[in-house]
Amino acid sequence: MIGRFALKLLILVIALGALVPALAQDVIELEAWVAFSDHRYDWAVDTAERFNALQDDIHVDMVSVVDYDTIVNNYTLGREDGNYPEIVQLFDAALQFAVDSNWFSFAEEIIGGREEVLGHPVNFDDIIPVISNYYTVDGVWASVAWNTSTPIMYYNVDMLEQAGISELPQTWADVLDACAALQSLVDDGTISACASWPFSGWFIEQWLAQQNEYMVNNENGRAGRATEFNLDTDAYRAIAQFYRDLYSNGYFIFEGQDQWGPPTQNFISGKVAILMSSSAAARAVSEGAAETGFSLDTTGMVYNQDAPSGWVGNILGGATMWISNGLTPEAEDAAMAFLLFFSNTENSASWHTASGYVPVRNSSIELLQNLEPGNELLWDIPSGARVDIEADDWYAAFPNFLTASTQLGNSTVNNATRGSTYGTFQQSRPYYNGLVEDYMLNGGDLDAMIEDTNATLTELLQEYNFLFADE
Amino acid sequence: MEEIAYSVHPIIVTLVGALLGAGYFAFLRWQTQVGSVNISLLIGAISGALGATLLTAPLGYCMFQADQKSEDILVGWIAVALGLLLTLNIFSNLLWRYFRGQRLLPRGDTTPGAFRGRFGLLYALAVLSPTILVLIYFVYLPMFDTLRFSTFLARFGAPRTRFICVSNFSRMLSDVDYHSNLFLSFALSFGIILIAMSLALLIASMLNQPIRGANLYRTLLIWPYAISPIVAGSIFGLLLGTESGIVNRVLDLLFGTKVPWLVSIPAAQISVVLASVWNVIGFNILFYTAGLQTIPKDLLESASIDGASAWQRFARITFPLLSPFTFFLIVTNTIYAFFDTFGLIFVLTRGGPTESTFTAMYRVYVTGILASDIGKSTAQSLILFLIVVGITIVQFRVGQRRVQYGNY
Numbered sequence: 002m003i004g005r006f007a008l009k010l011l012i013l014v015i016a017l018g019a020l021v022p023a024l025a026q027d028v029i030e031l032e033a034w035v036a037f038s039d040h041r042y043d044w045a046v047d048t049a050e051r052f053n054a055l056q057d058d059i060h061v062d063m064v065s066v067v068d069y070d071t072i073v074n075n076y077t078l079g080r081e082d083g084n085y086p087e088i089v090q091l092f093d094a095a096l097q098f099a100v101d102s103n104w105f106s107f108a109e110e111i112i113g114g115r116e117e118v119l120g121h122p123v124n125f126d127d128i129i130p131v132i133s134n135y136y137t138v139d140g141v142w143a144s145v146a147w148n149t150s151t152p153i154m155y156y157n158v159d160m161l162e163q164a165g166i167s168e169l170p171q172t173w174a175d176v177l178d179a180c181a182a183l184q185s186l187v188d189d190g191t192i193s194a195c196a197s198w199p200f201s202g203w204f205i206e207q208w209l210a211q212q213n214e215y216m217v218n219n220e221n222g223r224a225g226r227a228t229e230f231n232l233d234t235d236a237y238r239a240i241a242q243f244y245r246d247l248y249s250n251g252y253f254i255f256e257g258q259d260q261w262g263p264p265t266q267n268f269i270s271g272k273v274a275i276l277m278s279s280s281a282a283a284r285a286v287s288e289g290a291a292e293t294g295f296s297l298d299t300t301g302m303v304y305n306q307d308a309p310s311g312w313v314g315n316i317l318g319g320a321t322m323w324i325s326n327g328l329t330p331e332a333e334d335a336a337m338a339f340l341l342f343f344s345n346t347e348n349s350a351s352w353h354t355a356s357g358y359v360p361v362r363n364s365s366i367e368l369l370q371n372l373e374p375g376n377e378l379l380w381d382i383p384s385g386a387r388v389d390i391e392a393d394d395w396y397a398a399f400p401n402f403l404t405a406s407t408q409l410g411n412s413t414v415n416n417a418t419r420g421s422t423y424g425t426f427q428q429s430r431p432y433y434n435g436l437v438e439d440y441m442l443n444g445g446d447l448d449a450m451i452e453d454t455n456a457t458l459t460e461l462l463q464e465y466n467f468l469f470a471d472e
Numbered sequence: 005m006e007e008i009a010y011s012v013h014p015i016i017v018t019l020v021g022a023l024l025g026a027g028y029f030a031f032l033r034w035q036t037q038v039g040s041v042n043i044s045l046l047i048g049a050i051s052g053a054l055g056a057t058l059l060t061a062p063l064g065y066c067m068f069q070a071d072q073k074s075e076d077i078l079v080g081w082i083a084v085a086l087g088l089l090l091t092l093n094i095f096s097n098l099l100w101r102y103f104r105g106q107r108l109l110p111r112g113d114t115t116p117g118a119f120r121g122r123f124g125l126l127y128a129l130a131v132l133s134p135t136i137l138v139l140i141y142f143v144y145l146p147m148f149d150t151l152r153f154s155t156f157l158a159r160f161g162a163p164r165t166r167f168i169c170v171s172n173f174s175r176m177l178s179d180v181d182y183h184s185n186l187f188l189s190f191a192l193s194f195g196i197i198l199i200a201m202s203l204a205l206l207i208a209s210m211l212n213q214p215i216r217g218a219n220l221y222r223t224l225l226i227w228p229y230a231i232s233p234i235v236a237g238s239i240f241g242l243l244l245g246t247e248s249g250i251v252n253r254v255l256d257l258l259f260g261t262k263v264p265w266l267v268s269i270p271a272a273q274i275s276v277v278l279a280s281v282w283n284v285i286g287f288n289i290l291f292y293t294a295g296l297q298t299i300p301k302d303l304l305e306s307a308s309i310d311g312a313s314a315w316q317r318f319a320r321i322t323f324p325l326l327s328p329f330t331f332f333l334i335v336t337n338t339i340y341a342f343f344d345t346f347g348l349i350f351v352l353t354r355g356g357p358t359e360s361t362f363t364a365m366y367r368v369y370v371t372g373i374l375a376s377d378i379g380k381s382t383a384q385s386l387i388l389f390l391i392v393v394g395i396t397i398v399q400f401r402v403g404q405r406r407v408q409y410g411n412y
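This is the structure we're talking about:
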């Protein structure tokens, strides 16, 4: 008897279980992919839960994907078999591809002139212009800015002082001079080398922009679709030579292309005195430096003192949030509402403290400068929760977090510093970065190498254009 | 209809195939002295013509058109040769079976339990169908797509594709970088297979001794194979970092020196080989351990009574009797070294420094997945496929002579 009763109960439970989704059909389920897996992912999950708590009929689920490249690949493959999220974080290098693929609904078109979406204010004018500029495609705001960064320098001030350097390096020449001075610390075993940083194509792009040079023709692809690569420039040669000088003098510890962990570790553990990295590492590097016990200072990314243009400005890096096309109008609005919440004044300020990404709104910077008790803006990494910033002015208390905003704020916005946009960005990065790596490690005929790589990259770009560009 | 201009006309291609086929069959007829000369020549010509058109006709003989480059024509002839290899082998096999009065298809297994009777075949097919369907959907159809895409300029997400004949292949003929990728694949694979197999045999022989806790060692030694290449790469990345790596930390403490394991040549290549060896060796140990247990003890005992030294027993008895295992492991290790190490390379070196660990399979991954350039990457993967098939065939040919299967 009990067996039969249990069976009936089981059938009942299954039947009810089948009913639940039917009853809950009104809830709009949204999946959002982000390329973080550390405390920055925890922050994103927490903030999504805060959004979910605001209403019953929208539920956002955060999914962690390992890195920027992988997220693009997974989304691309997902589009092939219909398994992709409603919201996806795409990095700068995927901008042109995101536009060309026609896979996304543009944010401005979803908003359609409304001042708020489901009660979340749009307030587009509040976004810092250099950021909205970057992600505006043909005059239309395409995606929602969230994590914006720029490269900055991190210095171990104790080491610099020991070597008799009183002013932080600002230029390439300053770095080489500082490294020459730091050599005494290398000789006595205090440090392993002068500098170490991730060997990333991103820095090459930044240094070209600083020197007012384009990566691709048609003004970096901003004045029209790019059709040719533009590596045959003095600016690019200077970058290769700078790396060669650093490396051949034994100043630079090379940890391989696109390896971000080891160089940061080298700096945090006190093995090198100079690190160049994203401002998004500010939080992690600050905590690491405090743990090891040295004083940390930051400046903007060092520049080529011999460039005819001088320092023009830096490109912003990072990623933005895109909404997949083909959603119902309700789901589109729900996704938009979430992204507006995700990047509103308070959340953008909190996100900044959690990482070092630049606050994307002017109002967030104002908020961080005029703090009041009970602000609950600081992301506490161990507990995974927001706590109070115990200061009146965040930037006065933590000046290293201001460096990135200052650098972007001082940048002249033109088509060099808006950065390049073209379809084979991701594919091309290892080529122009690899060329510099090759020259740094082995020397050789730089002109011939550039001619060769430039031709290869132009051919790839033209093939891409043939498949994607409007005829 | 517009006349297409050819530099080599399809009729000539077909005739060349027919001539080669007839010639080959005539040679076989002369060699075997079995069957009718006329039928041999006829079937030879037909299968030659078929082979020459097998891979070229579906592409409309595009590689032989007048506007193609000389590399494309060369690829065309290679396609003819591959087609001939396939058809001539199959047809000669069938024809000489016929001449000798044998069944055209090898007789199936007639041991008890085999499917017999009127509905035997039907029943067998019904039982097999789930597997066959899965294979068709997940293996054969994608493979067909791979063939198709390799003749296209195509990218994920693109609104159009473009048929480019065999350009993806002919480009590889003149691409020096790709040649070095291929050479590197062979060199690294050779290193991986050699070390992974000899070390595995050594360890398995040691494990075969009556030692305390042998089961525990066995489990621990097989463990690394359960780890995916990506994770293996991450582990070795932590071990081998120049400044923060554990290995260099120890070297620095003991000898005051650091080796740039992942960022210098040939250290990076050695690192990739060692990490791959570590990853695959458990698999080899597993099979060698099993193999060693099949070797009859009495054989070894009588040899030792006859005065054979330990080395002689190993070289004359153990190693030859292990040959089926060795043969199997060479094939699987080749496949591992060629195809499965790219994840490890991605994590460990990204193909660097200066492309010194950029293998052909890693190129397929970078081109196809990272860059979405699927036309080129499918062509590259087909080349790799052909190479591994070629190696396997050679191994089978050599192996059949050397490997001793048998009932002891």
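Those protein sequence lines, which keep their order, are chains A and B. Take 2 as the starting number for the first sequence in the working numbering and just add one per residue. Take 5 as the starting number for the second sequence in the working numbering and just add one per residue. Ideal placement from N, C-alpha and C gives every residue a C-beta, glycine not left out. None of these values were measured; they are calculated from a predicted model.
- Chain-order list of chain B residues neighbouring Gln97/A: empty, with the shortest C-beta distance near 11 Å, by a criterion of under 7 Å.
- Excluding sequence positions up to five before and after Asp344/B, its CB lies within less than 6 Å of the CB of Pro233, all in the same chain and listed in chain order.
- Under the three-state reduction of DSSP output, Tyr221/B falls in the helix class.
- For His60/A, the enclosing beta strand (DSSP E) starts and ends at 59 to 65.
- Distance from the Cα of Glu391/A is smallest, within the candidate group Pro383/A, Thr354/A, Thr404/A, Ser406/A, for Thr354/A.
- Residue-level contact by beta carbon fails for Glu288/A and chain B, as no gap is shorter than 8 Å.
- Across the set Thr261/B, Thr336/B, Ile8/B, the C-alpha of Ile8/B shows the shortest separation from the C-alpha of Gln72/B.
- Segment contact: the region 231 to 247 of chain A against the region 429 to 439 of chain A, three or more CB-CB distances shorter than 8 Å; contact assigned.
- Closest in C-alpha terms to Gln212/A, from the list Leu341/A, Gln428/A, Thr413/A, His60/A, comes Thr413/A.
- Using a Cβ-Cβ cut-off of 8 Å, Ile378/B does not count as an interface residue toward chain A, since no Cβ of chain A sits closer than that to its own.
- Listed in chain order, the positions of the region 254 to 280 of chain A with a beta carbon within less than 9 Å of a beta carbon of chain B are Ile254, Phe255, Glu256, Gly257, Gln258, Asp259, Gln260, Gly262, Pro263, Pro264, Gln266, Asn267, Ser270, Lys272, Val273.
- For Val267/B, the closest Cβ of chain A is nearer than 8 Å.
- Using a 10 angstroms sphere on the CB of Pro152/A, the tally of other CB atoms reaches 16 or more, which defines it as buried.
- Listed along the chain, the chain B residues whose CB falls inside 8 Å of the CB of Glu373/A amount to none; the nearest CB is some 42 Å away.
- At least 8 Å separates the CB of Ala279/B from every CB of chain A.
- Apart from sequence neighbours up to five positions away, the residues of its chain that approach Met216/A with a beta-carbon distance below 7 Å are Glu206, Leu209, Asn231, Ser421, ordered along the chain.
- Note on geometry: alpha-carbon atoms of Ser51/B and Gly394/B lie some 21 Å from one another.
- Listed in chain order, the non-local C-beta contacts of Asn363/A below 7 Å within the same chain comprise Asp127, Ile129, local neighbours out to five positions each way being set aside.
- Pro357/B has a beta carbon lying within less than 8 Å of a beta carbon in chain A.
- Residues of chain B whose Cβ lies closer than 8 Å to the Cβ of Leu468/A are, in chain order, Leu157, Ala158, Arg159, Ala162, Pro163, Arg164, Thr165, Arg166.
- DSSP, read as helix, strand or coil, puts His121/A in strand.
- DSSP, reduced to helix, strand and coil, places Glu359/B outside both helices and strands of the structure shown, so it counts as coil.
- Per DSSP, the continuous alpha helix (DSSP H) segment holding Asp43/A begins and ends at 40 to 55.
- For Ser248/B, the closest Cβ of chain A is nearer than 8 Å.
- In the same chain as Glu359/B, and ignoring 5 residues on each side of it, the C-beta atoms closer than 8 Å to its own belong to Asp181, Ser184, Asn185, in chain order.
- Residue environment for Asp101/A: buried (at least 16 other C-beta atoms within 10 angstroms of its C-beta).
- At least one CB atom of chain B sits nearer than 8 Å to the CB of Gly435/A.
- In this structure Met210/B is exposed. Its beta-carbon is surrounded by fewer than 16 other beta-carbon atoms within 10 angstroms.
- According to the DSSP assignment, Trp315/B belongs to the alpha helix (DSSP H) that extends over 314 to 317.
- DSSP, read as helix, strand or coil, puts Tyr10/B in strand.
- Leu55/A has its alpha-carbon roughly 14 Å from the corresponding atom of Asp62/A.
- Within chain A, Asn74 have C-beta atoms less than 7 Å from the C-beta of Ile373/B, given in sequence order.
- Take Ser287/A, set aside five residues on each side of it, and the residues of its chain with a beta-carbon closer than 7 Å to its own are Leu297, Asn401, in chain order.
- Secondary-structure assignment with DSSP links Ile391/B through no beta bridge to anything.
- Inclusion of Ala53/B and Gly25/B in the CB contact set at 8 Å is warranted, their separation being smaller than that value.
- Chain A has a Cβ within less than 8 Å of the Cβ of Gly245/B.
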